[in-house]
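Residue numbers (this note's numbering): 19 to 180. Heads up, the beta-carbon is just placed ideally off N, CA and C, and yes, glycines get one too. The structure under discussion appears below in the form of structure tokens.
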């Protein structure tokens, strides 16, 4: 598998996905670069017949989780929203925040399974590709998408009412 070519063609997509995990552009870029470096070093041991983009995205997710486990200073994914986000997000004074900031805040509040499927779908992956990346069935992806979209809509409606 030619990871260098895939990396060049899809770097913005990988960085965007990593950003949904880290919520910091520098950390996202570092995460993607670390994954690509490891994959290039070990490309001879890459399983045959896998979708390269799905494999890289799954590797980004796994590297992020490994980093969380190793770094005691980072908050685990299952932490409360108050612990994950800066104080400015926890106040109701979000009116000055951009739509992207509000979206990132709302995605983080949905939890890992929702933010993963919505982020991957937003990056242009099909339900089947998301199922392959997350190692779940397509039906589970569709169910999560439906529930998560409704939760996201509810959060936006709450924001509009504040």
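The beta carbon of residue 50 sits closer than 6 Å to the beta carbons of 32, 33, 36 from its chain, once the five residues preceding and following it are set aside; these are given in chain order. Residue environment: residue 46 is assigned as buried (16 or more neighbouring CB atoms within 10 Å of its CB, all protein chains considered). Your pair residue 82 and residue 58 does not check out as a contact, with CB atoms roughly 19 Å apart and the cut at 8 Å. The criterion of a C-beta distance shorter than 9 Å is satisfied by residue 128 and residue 170. Check the Cα spacing between residue 153 and each of 84, 124, 166, 79: the tightest is with 79. A straight-line Cα-Cα distance of about 16 Å links residue 55 and residue 27. Taking residue 29 as the centre and dropping the five residues before and after it, the same chain places the C-beta of 50 closer than 8 Å to its C-beta, in chain order.
For residue 50, the secondary structure class from DSSP, reduced to helix, strand or coil, is helix. Taking 9 Å as the cut-off, the beta carbon of residue 38 is found closer than this to the beta carbon of residue 134.
DSSP places residue 20 outside both helix and strand once states are collapsed to three, so it counts as coil. One alpha carbon belongs to residue 72, the other to residue 60, and they sit about 17 Å apart.
Taking every protein chain shown into account, the CB of residue 87 has fewer than 16 other CB atoms within 10 angstroms, so this residue is exposed. Annotated three-state conformation of residue 65 is coil, per DSSP.
Per the coordinates, the alpha-carbon of residue 65 lies some 16 Å from the alpha-carbon of residue 53. Scanning 159, 140, 121, 158 for the CA closest to the CA of residue 172 turns up 121.
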